[in-house]
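*Asks:* Take the sequence shown: its letters are residues -19 to -1, 1 to 248, numbered as in mature numbering (1 follows the signal peptide of the UniProt record, and there is no 0).
Don't be surprised by glycine CBs; every beta carbon is placed ideally from N, CA and C.
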Amino acid sequence: MLCVEAVIVSLYLAATVTSATVSQPLSANLGSSSWTVQNSNASIRVGATVPGGIYTDLRTAGVLSEDIFYRFNDINYRWVARDNWTYSTFFNVDPEMLTKDKVYLEFEGLDTVARVFLNSHLLGETRDMFILYQFDVKNLLKNSNNSLEVQFISAIWAAQQFSTKTPYLVPPACVPAEYHGECHANYIRKMQASFAWDWGPAFPSVGIWKNVTLRAYDVAYARHVGVETRPDVTDWKVSVTLYLGVATNATGILSATLVLDKYNITS
């Protein structure tokens, strides 16, 4: 019986899939592409960072000349949150990706209400900042010069629209006037504090705030590995959870290898 005497600082788990039907996907990080962002009337068009947000992009480009947290700039720069903003890029695709059965465009986080277009085709709409969105793009991709647009709607406007379509109140309708914030935050799946809180100002941002990835695979791929460790008198019990992205039914054998490094282990 093994006993780990030192405090576990890190735990490395390598999940190995031995079935021939389940392989590691091909992937491409689209955040490394050259992105631009522009407002609704195209009077502002600047370079953008993905992952990121509109306030940071405008500050970096010099459109916002002062620190957003200086004095009353939360109010002075509120026009940013009242406008609509479109993030766009062009990218090429590794030809090998197009040979796979499934190709998905994956957004880990979009803030918040948006429409996503690939090569002028509407892939879908988003309404939740906190969830992952995947779109099947196998039949829409080209080898080169693919255009990707994410059209964000003002979170302030969207929250107000959702409130008018709901036959009941989701309190509070507005934050206290002293916050100088925005109303209807509870009608939108977005970080509530961005509409103002007692400890911070209102900056209802929009943007691609997490990674954008193109994934290609035939049957399935390992999306996430979760590891939980629990002490049990003289031992540590390890629970492993593997989350798969699956395109179709598949059977196979999964194996996991536990690697301990820099620990004092006694038997």
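Return the residue from the list VAL208, PRO212, ALA231 that minimises the CA-CA distance to VAL240.
*Replies:* The residue given as residue 240 occupies position 259 in the sequence shown. Comparing Cα positions, the closest option is VAL208.
*Asks:* Assuming TYR36 and ILE25 are in contact, meaning their beta carbons sit under 8 Å apart, how far apart are those beta carbons, in whole angstroms?
*Replies:* Here the question's residue 36 lines up with position 55 in the sequence shown. Here the question's residue 25 lines up with position 44 in the sequence shown. Contact doesn't hold; Cβ gap of about 13 Å is too wide.
*Asks:* Touching or not, the segment 138 to 148 and the segment 156 to 171, by the rule of three or more beta carbon pairs under 8 Å?
*Replies:* Flag = yes, the segment 138 to 148 and the segment 156 to 171 touch.
*Asks:* Look up SER14 in the DSSP assignment and say whether it is helix, strand or coil.
*Replies:* Locating residue 14 in the sequence shown gives position 33, counting from the first residue. If DSSP states are grouped into helix, strand and coil, SER14 belongs with coil.
*Asks:* Checking the sheet assignment: what are the DSSP bridge partners for PHE116?
*Replies:* In the sequence shown, residue 116 corresponds to position 135, counting from 1. In the DSSP output, where bridge partners are listed per residue, PHE116 has LEU86.
*Asks:* Answer yes or no: do VAL206 and ALA177 have a C-beta to C-beta separation smaller than 8 Å?
*Replies:* By 1-based counting over the sequence shown, the position of residue 206 is 225. By 1-based counting over the sequence shown, the position of residue 177 is 196. Taking 8 Å as the Cβ cut-off, VAL206 and ALA177 do not qualify as a contacting pair.
*Asks:* Identify, in the order they occur along the chain, each residue of the same chain with its Cβ nearer than 7 Å to the Cβ of PRO32, setting aside the five sequence neighbours on each side.
*Replies:* By 1-based counting over the sequence shown, the position of residue 32 is 51. The residues are GLY12, ILE189, TRP190, LYS191, ASN192.
*Asks:* When we look at the beta-carbon of ILE234 and count the other beta-carbons within 10 Å, is it buried (16 or more) or exposed?
*Replies:* Residue numbering aside, residue 234 sits at position 253 when the sequence shown is read from its first letter. So ILE234 ends up on the exposed side.
*Asks:* Check the DSSP bridge columns for ALA201 and list the partner residues they point to.
*Replies:* Indexing the sequence shown from 1 puts residue 201 at position 220. Answer is VAL227, bridged to ALA201.
*Asks:* So ARG108 and VAL94 are supposed to be a Cβ contact under 8 Å. How far apart are they, rounded?
*Replies:* On the sequence shown, residue 108 is found 127 positions in, with the first residue counted as 1. On the sequence shown, residue 94 is found 113 positions in, with the first residue counted as 1. At roughly 6 Å, the Cβ-Cβ gap stays under 8 Å, so ARG108 and VAL94 are in contact.
*Asks:* Go to SER69, then tell me how far its alpha helix (DSSP H) extends in each direction, as first and last residue.
*Replies:* Reading the sequence shown from its first residue, position 88 is the one you call residue 69. Element bounds for SER69: not the alpha helix (DSSP H) but the beta strand (DSSP E), 66 to 72.
*Asks:* At the level of alpha carbons, what is the spacing between ASN65 and PRO152?
*Replies:* In the sequence shown, the residue the question calls residue 65 occupies position 84. In the sequence shown, the residue the question calls residue 152 occupies position 171. Rounded to whole angstroms, ASN65 to PRO152 spans 26 Å at the Cα level.
*Asks:* Under 8 Å between the Cβ atoms of VAL187 and ALA136?
*Replies:* Residue 187 sits at position 206 when you count from the first residue of the sequence shown. Residue 136 sits at position 155 when you count from the first residue of the sequence shown. Yes, the pair counts as a contact, with Cβ atoms nearer than the cut-off.
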